[in-house]
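In this text, residue positions in the sequence shown follow the numbering used here: the first is 3, and each later residue adds one. Here the structure is laid out as structure tokens; the discussion comes afterwards.
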Amino acid sequence: MVGKMALFLLFITSLSNSSSASGLWPDVDINDPNLTVNLAAQQCSKSLMYAPYKLEQWCEKAYNMGSWHSLLYIGYHTGDGSRYVEEAINQVRQGNFEAISELAWIYSTGSFVEIDLNKSIILYNQYLNHENRKSISRGKLNSVHKELYNIYKELENWRKASEHLQFLIEHEDDAIYKSLLIKQMEDIKKTLNSK
């Protein structure tokens with residue numbers, strides 16, 4: 003009886019898993035001539051969670067269609083992100099403005115490389131001072147300043163950390179979060195005054 007019950011529960015579980023996965027993992031033909039790069043890239047990123055056995059196939063397809071970010075998922079999946087790092091460097095050399103911040107993130111997090119906070123700082127500042135800086139969305143701008151704030155905080159460069167924190171305070175709309183940022187600024191000022 004226990005064996006039959008276990009088989010029944012396994013059967014029900016497999017049905018529920020397959021029905022819920024179908025909405026999350028739509029049946030898309032990888033060879034469809036009308037396949038867009040965006041859909042291929044979505045299939046690539048979704049496959050990390052819902053179909054890892056198809057990840058490399060979808061991510062290579064997306065990459066060949068022009069989504070170089072798809073190499074990140076191959077790196078996560080295989081543990082070797084060298085192609086992603088090389089492509090990010092290549093994109094920066096080719097003048098891809100957005101790739102600058104992505105490469106800065108790679109060095110600040112140590113994603114597939116040794117952490118190099120100084121290189122990350124240089125790249126984030128290059129991004130902020132780029133001729134295309136006016137096209138940076140407010141959210142992305144806040145994100146970059148937050149990254150720089152965290153890097154300078156880790157390096158205990160409180161003066162530079164406070165510059166980026168001040169930017170965040172001035173551009174924060176949420177009153178509760180803003181009060182937390184102000185408290186952090188007060189703590190930094192105490193640290194600077196004690197030196």
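Beta carbons are placed, not taken as given, at the ideal position from N, Cα and C, and that holds for glycine.
Endpoints, alpha helix (DSSP H) assigned at residue i
{"i": "Y151", "result": "R140 to E156"}
{"i": "L59", "result": "Looking at the sequence provided, one finds Gln at residue 59 rather than Leu. Taken as a continuous stretch (DSSP letters only), the alpha helix (DSSP H) holding Q59 covers L57 to M67."}
{"i": "S84", "result": "S84 to R95"}
{"i": "K197", "result": "Unbroken run through K197: none, as it is neither H nor E."}
{"i": "A106", "result": "F99 to T111"}
{"i": "W160", "result": "W160 to E172"}
Collapsed DSSP secondary structure at residue i in the structure displayed
{"i": "T38", "result": "coil"}
{"i": "N118", "result": "For the sequence presented, residue 118 should be read as Asp rather than Asn. Note: D118 maps to coil in three-state DSSP."}
{"i": "E133", "result": "coil"}
{"i": "G77", "result": "helix"}
Under 8 Å between C-beta atoms of residue i and residue j
{"i": "Y126", "j": "L150", "result": "yes"}
{"i": "I102", "j": "S122", "result": "no"}
{"i": "A90", "j": "M67", "result": "no"}
{"i": "V87", "j": "F114", "result": "yes"}
{"i": "N144", "j": "L170", "result": "yes"}
Cut-off 7 Å between Cβ atoms - residues of its own chain near residue i, not counting five sequence neighbours on either side
{"i": "Q93", "result": "W70 and A101"}
{"i": "K197", "result": "none"}
{"i": "A163", "result": "Y151, Y154, K155 and I190"}
So, do the stretch 33 to 48 and the stretch 61 to 76 have three or more beta carbon pairs nearer to each other than 8 Å? With three or more CB-CB distances shorter than 8 Å, the stretch 33 to 48 counts as touching the stretch 61 to 76.
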